[in-house]
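Under the numbering used here, the first residue of the sequence shown carries the number 632, and numbering increases by one thereafter.
Where a beta carbon is used, it is the ideal one built from N, C-alpha and C, also for glycine.
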Amino acid sequence: HLRTMLTPDRGTLAYEAYLHRLAANGANAVEIWLSSWNLALEWRSDWPGFFGQGRYNMENAWRLDRVLDLAHELGLRVNLVINNHGQASINNDAEWDSNPYNRQRGGKVREASEFFSDPWAIAGQERVRRYLIARYADHPAIMGWKLWSEVNLTAGASYQVRQWHEQAAASLKALDTYGHPVTTHWCGDYNLVDRSIAAQTGINYICIDAYHGSDQMIADLLWRSTMDPAPRRGLAQFGKPVLTTEFGGNWDACPEAQMIAEHASGPFAGLVSGHAGSPMLWWFEWLDQGDRFEPYRAISAFIKAEDLRGTTARSIVMSANSPRGALWCRAWSRPGRMLGYLLDPSWGRYGGDATTIENATIDVGTNVTQGHMVVEWWDADAGAWNNVVAVDHPGGPLQIKIPPFQRHLAFKLFRRE
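This is the structure:
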């Protein structure tokens, strides 16, 4: 769908190019895997630079030093992934046959599922974590430790994976005197999160995918991932930050027009849904090779100097209507200040050419306290406000007229002193 080319393997020079472009366009966080083809410390001994289980790849350790130094220089924080799912999988991106813990590769573990329970394997993983903490925990670029990518695609049984996470998270916290938060990650979407693991005290934030079929729109999926009112579905119930670290159509991508719409709407939809950060697009080569960094510039400009925190902050759903039908409208609201987002649902789902939405309105509330307010209308593509309207509200129901727009529109509604 996306017509990208394989990026040449340029080692840390590739990261230098990526990170400079991201930072220049407003990004402040990235995710990096310690994978066998990238920066892993352990892997099969017949691969260049690796020496089997228990002996670490010092070339990769040096490379990670350089990448973290560059990230810090550019103001980027790194969500560092210690294990990717294929390392303990026999079906999904299977790499178990090459894992040095495997008996067939010189290790002592027979089955991939035992990677989560075998005492020898647990001890080896503990040594890896000790090395990571000793070498990198004091680095200011580290945002947090991510134990797994898509852990539900591994061969581990649920009870094994739950016990493993309790032990691994406790190990990291005991070792890391700098107190970095710990997370893990599930494939698919928020429905596949193991709620038992998400509730563990050792898991400080929750990482998810937001992949979907043609029956859903990314903005809806991001909102439901935190706010789904069905019993025990929305992840806001855990009182922990939620971060989407993979999205963009389905696992096998989507038509480019849809990808453009998801990439542009995802950051704003995540904001008004209470996510900890903008969702991270999986298709980095499409992003980089097409110079498609505008959404990061737009969202970073929109939230600059905004304080999104507080126990009174919440995501609210507002009714927005036009002659063409209902619009998708949500806001992140704190007392006296609201950051909102409007989306043409047809464009948000399929992308492509968008019609101009005119004569639309938002119903802010039915019992809004009287007072003087300001509405700033923001171009959600350019990340700049283009219209400011004063509102003198007498109290009661508050309806706001929406200026004509295409695709999507952001706004700030706040009270004047």
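Ile663 and Met1004 have their C-alpha atoms roughly 43 Å apart.
Residue nearest to Trp854 within the set Trp882, Pro1025 and Cys960 is Cys960 (criterion: CA-CA distance).
Selection Trp963, Tyr649 and Glu1007 evaluated against Arg641 yields Tyr649 as nearest (Cα-Cα). According to the DSSP secondary-structure assignment, Glu1007 is paired through a beta bridge with Val1019 and Lys1043.
The C-alpha of Gly880 is placed about 13 Å away from the C-alpha of Trp917. Taking the C-beta atoms as reference points, Ala660 is found nearer than 8 Å to Leu707. According to the DSSP secondary-structure assignment, Ala841 is paired through a beta bridge with Phe878. For Arg965, the secondary structure class from DSSP, reduced to helix, strand or coil, is strand. Counting only residues of its own chain and dropping the five nearest sequence neighbours on each side, Ala725 has a CB closer than 7 Å to the CB of Gly717. His811 sits in coil when the DSSP states are folded into three classes, being neither helix nor strand. Look at Val782 here: in three-state DSSP terms it is helix. Considering only Pro639, Arg1038, Ala1021 and His1039, the residue with the shortest C-alpha distance to Arg1046 is Ala1021. Remark: C-beta atoms of Ala830 and Gly787 do not approach each other more closely than 8 Å. Taken in chain order, the whole alpha helix (DSSP H) runs of length 4 or more contained in the region 671 to 745 are 689 to 704. With fewer than 16 other CB atoms across the displayed protein chains lying within 10 angstroms of its CB, Pro639 is exposed. As DSSP reads the structure, Val948 sits in a beta bridge with Arg961. Residue pairing of Val995 in beta bridges, as defined by DSSP: absent, with no partner found. Gly908 and Phe746 have their C-alpha atoms spaced approximately 32 Å apart. In this model, Gln1037 and Pro976 are separated by some 11 Å (Cα to Cα). For Gly897, the uninterrupted alpha helix (DSSP H) segment begins and ends at Glu887 to Val903.
Here Val999 is near Gly1026, since their CB atoms are less than 8 Å apart. Assigned with DSSP and collapsed to three states, Pro750 falls in helix.
Judged by DSSP secondary structure, Glu662 falls within the beta strand (DSSP E) whose first and last residues are Ala660 to Trp664. Here Gln1001 has His1024, Pro1025 and Gly1026 as same chain residues with Cβ atoms under 6 Å from its own Cβ, once five neighbours each way along the sequence are excluded.
When secondary structure is reduced to three states using DSSP, Gly979 falls in the helix class. Sixteen is the threshold: since fewer than 16 other Cβ atoms of the shown chains lie within 10 Å of the Cβ of Val1019, the residue is exposed.
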